[in-house]
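Input: a single structure, listed below in structure tokens.
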Amino acid sequence: MSKREQQDGASGLPQAADTASTPLPPHGAARRRLGKAGLAATGVLLTINSTPGMACEICTTPSGSLSGGLQSYRGPKPVCAGRVPSYWASHSWPSGTSGKKFANIFSCNYANSKTYGTSTMMNMLKGQSYDYPQSYVGAYLTAAWLNVKAGLSTFLTEDMLKKIWSEFQSKGYYQPTAGVKWYSDKISEYLQGTMY
54 MSKREQQDGA
64 SGLPQAADTA
74 STPLPPHGAA
84 RRRLGKAGLA
94 ATGVLLTINS
104 TPGMACEICT
114 TPSGSLSGGL
124 QSYRGPKPVC
134 AGRVPSYWAS
144 HSWPSGTSGK
154 KFANIFSCNY
164 ANSKTYGTST
174 MMNMLKGQSY
184 DYPQSYVGAY
194 LTAAWLNVKA
204 GLSTFLTEDM
214 LKKIWSEFQS
224 KGYYQPTAGV
234 KWYSDKISEY
244 LQGTMY
């Protein structure tokens, strides 16, 4: 008899013994009930502990994100529900924020005065040709600012965002911590990670 013939079924996998016809001793039945209850409870616990599929990837300040994603907090857990620029381009804004120009929030130097300095926040969210080579830093800063104003990102502050912009436009990069330089692509990547 070949090995294939010794295995039961067409799948070629060994079949489990038929336990339905063989009664279990009392301790075996108790173990089986406990095992079934444990499996059921595991599903419930995993559901309670799981994060939503559309959750933000980053829920910490720029310098905190360099610490390997450690998620430790003092005080209340931060809100991490930031929205992307396209969301804000088609939804209502927090009270008192509409109609502003980008430069009203993020001051612009002479080099940026004719581009970023003249754009409205809404136009910035829609994407501008001069913002494209900068990895849409302006669009992501605008969305991040609206997220702060709406209470959707409590770990960021308006001052942090202004500092990112100020350093970026004066130096061409932002330093979240000494010795680390974030150019436009990394700034946008970080800000995008705080949104969904």
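Numbering of the sequence shown is given in my numbering, commencing with residue 54 and proceeding in unit increments.
For each residue, glycine too, the CB sits at the ideal point set by N, CA and C.
- Each of Tyr-189, Ala-231, Lys-224, Leu-205 was checked against the Cα of Cys-112, and the nearest Cα belongs to Leu-205.
- If you draw a straight line from the Cα of Tyr-243 to the Cα of Pro-115, it comes to about 7 Å.
- Just measuring C-alpha positions, the residue of Gln-245, Ala-192, Cys-133 sitting nearest Met-174 is Ala-192.
- Inclusion of Thr-150 and Lys-202 in the CB contact set at 9 Å is warranted, their separation being smaller than that value.
- Beta-bridge pairing by DSSP links Gly-225 to no other residue.
- Restricting attention to alpha helix (DSSP H) runs no shorter than 4 residues, the stretch 157-184 encloses them at 174-179, ordered along the chain.
- The C-beta of Ala-197 has 16 or more other C-beta atoms within 10 Å across all chains shown, which makes the residue buried.
- Taking C-alpha positions only, Lys-179 is separated from Ala-142 by approximately 6 Å.
- Following the DSSP letters along the chain, one finds Leu-199 inside the alpha helix (DSSP H) bounded by residues 190-202.
- Non-local beta-carbon contacts of Gln-228 in its own chain, meaning distances under 8 Å to residues more than five positions away in sequence, involve Glu-220, Lys-234, Trp-235 in chain order.
- A buried status is given to Asp-184, since no fewer than 16 other beta-carbon atoms sit within 10 Å of its beta-carbon.
- Within its own chain, the residues whose Cβ lies closer than 8 Å to the Cβ of Tyr-189, once the five positions on either side in sequence are excluded, are Pro-138, Gly-180, Ser-241, listed in chain order.
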